[in-house]
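Trainee:
In the numbering used here, the protein residues as written are 11 to 112.
(1) Under 7 Å, do residue 68 and residue 21 count as touching if we go by C-beta distance?
(2) For residue 90, which residues of its own chain have a beta-carbon under 6 Å away from its beta-carbon, when the five flanking residues on both sides are left out?
(3) Just to confirm my understanding: we take residue 48, look at its own chain, exclude 5 residues before and 5 after, and list those with CB closer than 6 Å. What are they?
(4) Tell me whether residue 43 is buried or exposed, calling it buried when 16 or more other Cβ atoms sit within 10 Å of its Cβ.
(5) Helix, strand or coil, according to DSSP, for residue 50 in the structure here?
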């Protein structure tokens with residue numbers, strides 16, 4: 011990130027993959043925007059619910075699997091900084107592609 015450049019931070023709150031009323035075209039459009047434009051992507055809320063979800067559905071059944079895969083792709087782009095929910099990042103220079111789960 012260039013010195014003096016403002017960081018673009020995108021935030022998803024209560025990001026429920028697998029919700030029957032979710033608008034998956036809109037979710038994927040948001041994730042595409044994050045992928046193309048974000049310096050940092052934060053997921054807030056109930057992402058932990060995925061731990062109790064049927065992972066076969068979330069990884070193999072459309073449209074859930076596309077959302078799961080897209081979030082994984084974004085998270086694994088270098089640099090791959092995954093910070094646990096109790097970690098607070100100090101202010102300062104940031105590299106592109108921080109993935110934080112708070």
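For every residue, glycine included, the Cβ atom is placed at its ideal position computed from N, Cα and C.
Mentor: According to the structure shown:
(1) no
(2) In this prediction, residue 90 has a pLDDT of 44, which is less than 50 and means its spatial position is unreliable; what the coordinates show is noted afterwards. None.
(3) 18, 20
(4) Exposed: under 16 other Cβ atoms inside 10 Å.
(5) strand
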